[in-house]
Structures are given as C-alpha cells and as structure tokens.
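Data first, discussion second: the structure below is written as structure tokens.
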Amino acid sequence: MAISASGGRRDETAREGAPRRRDGKERIRDPERTRGNILKAATIEFSERGFAGASVDSIATRSGANKRMIYHYFGNKRGLWLTTLEAAYERARSAEQQLRLD
Numbered sequence: 011m012a013i014s015a016s017g018g019r020r021d022e023t024a025r026e027g028a029p030r031r032r033d034g035k036e037r038i039r040d041p042e043r044t045r046g047n048i049l050k051a052a053t054i055e056f057s058e059r060g061f062a063g064a065s066v067d068s069i070a071t072r073s074g075a076n077k078r079m080i081y082h083y084f085g086n087k088r089g090l091w092l093t094t095l096e097a098a099y100e101r102a103r104s105a106e107q108q109l110r111l112d
C-alpha cells in the first residue's frame, strides 16, 4: 500500500483516476461489449413485454449498463427497438443463407 497525497492509503496496483464501481472494483470499459449487452437485454425485454411494456430502466438493469449508455448508443427507446429488429433480421437472413435447399 502507498500513501496518497491526501494521506490515505491506496493500492499501488490501481490506476490513477480509473473509474470504480460501487463495489470498489475497477470499471473496465468495453464499448462493444456494453452495446452488445444492451442489445441482448433489449431483445429479451421487447420480446417479453412489447415496445410499450418494456422500459429503458428495466433494459439498463438487465444489461448491467446505465441509462446514459442506452441513450448514447441508440438515441432513444425507439432507436434501440429498431436496432434490435435490424439485428434479429440480420440473424434470420444469415441463417437462411446457410440453408442448402437444392
């Protein structure tokens, strides 16, 4: 342990200024994973509750992200919904193209 400028102890392995989670662990930033987690959570929420029944709060909780990230990546709930529909369509098209129907 080292002593910080304010006199408190700090772990020498911690990066200076690295954001911390509420449990004290270092937050790891991975934008692709965050966006993917939001999309997965939104797909589940929209499929279970529909557009009107799903909430940005529940999607944020399920994904482990905060609401600001949802708005950052998708603009609004409608943008997120459209992105989940596009992703589902792309998965269906990809699976269809792999079928051999000769």
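For what it's worth, the numbering used here labels the leading residue of the sequence shown as 11, then goes sequentially. Cβ coordinates follow ideal geometry from the N, Cα and C atoms, glycine included.
By how many angstroms is the C-alpha of residue j removed from the C-alpha of residue i?
| i | j | result |
| --- | --- | --- |
| G63 | I54 | 12 Å |
| W91 | E58 | 13 Å |
| N86 | T44 | 16 Å |
| Y114 | G60 | The structure shown does not extend to residue 114, since the chain is modelled only from 11 to 112, so the question has no answer here. |
| A105 | F84 | 25 Å |
| L49 | Q107 | 23 Å |
With respect to the alpha helix (DSSP H) encompassing residue i, which residues constitute its N-terminal and C-terminal limits?
| i | result |
| --- | --- |
| L49 | 41 to 63 |
| G89 | 87 to 108 |
| I69 | 66 to 73 |
| I38 | No alpha helix (DSSP H) contains I38, which DSSP labels as neither H nor E. |
Among the options, which residue has its Cα nearest to the Cα of residue i?
| i | options | result |
| --- | --- | --- |
| A97 | S68, A52, I38 | A52 |
What whole-angstrom Cβ distance do residue i and residue j have, given they're in contact under 8 Å?
| i | j | result |
| --- | --- | --- |
| F56 | T94 | 6 Å |
| query | Is there contact between the region 60 to 73 and the region 98 to 112, where contact requires at least three CB pairs shorter than 8 Å? | reply | no
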